[in-house]
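Colleague: This is the structure, below, for whatever I ask next.
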Amino acid sequence: MILKSLEAILSFLTILPIVDKSTAIDKPTNLSDIYYIAKNMYLFPVAGAIIGILIGSLAYGLFFYVQPALLGLIITSALIILTGASHVDALADFADGLMVKGGKELRHKAMQDPGNGSAGIAAIVLYITGMIIAISSFSYGFKLMTGIIVAEVIAKYVMALEAFLGRSAWQGLSSPFTAAMKDKRKMLSATALMFGAIWISGYVGFLSLGISVALGFLIQRIANRSFGGISGDVIGASNEITRLASLIVLSSVTI
């Protein structure tokens, strides 16, 4: 049962063809799919570990043969491609929504616009630049690999935390997740799974966790004031922002 749930989550978070399209829990095309994935959101840190292992292994293999800046570009691109660029797009929508002057409805409309505004484009450029710099700053291959794994686990944990603590600003993609994650047992399970992964980086991993959780609270506070709650774009943006923050800490602090 857990394996089936994890397969559905990985199919939702990545472009990996894990779940057959003939099944009911493929990439969500209806509400029942979304509810199934939302019910198992506590497994997001495990999915993050798997994504991190895939990308981290690639980074480790290339570390010895590719110049740091180029390695940063390759790994950032691989991560965006693997995750279908959905959370990068969420980051852009979040930025566009914040920059709109007006009430909740106008901000919601800006976030739903399929085109990115200047704020969204700026957010993407800054994010990708930050990712390239952070990844290219790791001093050795094993540290880079474990850093990517830990950052991905923390980012997925913050997504679950946002859903646990937040309320949906409007009926949409976030609604099933915020409803399902109000179960404290699921949040405790997500926390236990997250702690089981980040210990590999020692105290630096816990420092990254603390900073990322603080950022998650800040993002939620900003979303509450700007939109009246969180949305799918806010949760997705939290993933990107906290991943980058974790990589900056993990690459900068000496173990």
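Using our numbering, read the sequence shown as starting at 1 and increasing by one per residue.
All C-beta atoms, glycine included, are put in the ideal place defined by N, C-alpha and C.
Are at least three pairs of beta-carbons, each pair with one atom in the stretch 83-93 and one in the stretch 177-187, less than 8 Å apart?
Modeller: Flag = no, the stretch 83-93 and the stretch 177-187 do not touch.
Colleague: Between Asp93 and Gly120, what straight-line distance do the alpha-carbon atoms span, to the nearest angstrom?
Modeller: When rounded, the distance between both Cα atoms is 6 Å.
Colleague: Candidates Leu54, Ser139 and Met41: which alpha carbon is nearest Ile15's?
Modeller: Nearest C-alpha to Ile15: Leu54.
Colleague: Extract the residue ranges of the alpha helix (DSSP H) inside the stretch 81-153, only unbroken runs of 4 or more that lie entirely within it.
Modeller: Qualifying alpha helix (DSSP H) stretches, in chain order: 86-99, 104-112 and 118-136.
Colleague: For Thr242, I'd like the list of residues in its chain whose CB is within less than 7 Å of its CB, leaving aside the five on either flank, ordered along the chain.
Modeller: Ile154, Ala155, Val158, Ser212, Leu215 and Gly216, listed in sequence order.
Colleague: Would you mind stating whether Ile9 and Leu43 have Cβ atoms separated by less than 7 Å?
Modeller: Yes.
Colleague: Measure the Cβ-Cβ separation of Pro68 and Ser136 and say whether it is below 7 Å.
Modeller: Yes.
Colleague: In angstroms with no decimal places, state the Cα-to-Cα distance between Phe64 and Gly141.
Modeller: Distance between the alpha carbons of Phe64 and Gly141 is about 7 Å.
Colleague: Check the DSSP bridge columns for Ile219 and list the partner residues they point to.
Modeller: Note: Ile219 sits in no beta bridge, so no partner.
Colleague: State the beta-bridge partners of Ile55 as determined by DSSP.
Modeller: For Ile55, which the question treats as bridged, DSSP gives no partner whatsoever.
Colleague: Where does Ser168 sit, in a helix, a strand or coil, going by DSSP?
Modeller: Strand.
Colleague: Considering only C-alpha positions, which residue in the set Ser226, Ser5 and Ile200 is nearest to Asp96?
Modeller: Closest by alpha carbon: Ser226.
Colleague: Where are the alpha helix (DSSP H) runs, 4 residues long or more, that stay fully inside the stretch 168-238, in chain order?
Modeller: DSSP runs (the alpha helix (DSSP H)) wholly in the stretch 168-238: 174-180, 184-198 and 202-227.
Colleague: Ala237: which of Leu98, Ile198, Gly228 and Ser118 sits nearest, CA to CA?
Modeller: Ranking Leu98, Ile198, Gly228 and Ser118 by Cα distance to Ala237 puts Leu98 first.
Colleague: Near Asn239, which residues of its chain fall below 6 Å by C-beta distance, leaving aside the five closest residues on each side in sequence?
Modeller: Closer than 6 Å at Cβ, skipping near neighbours: His87, Ala155 and Met159.
Colleague: When you compare only the Cα positions, how much space is there between Phe12 and Val253?
Modeller: Looking at the two C-alpha atoms, the distance is approximately 33 Å.
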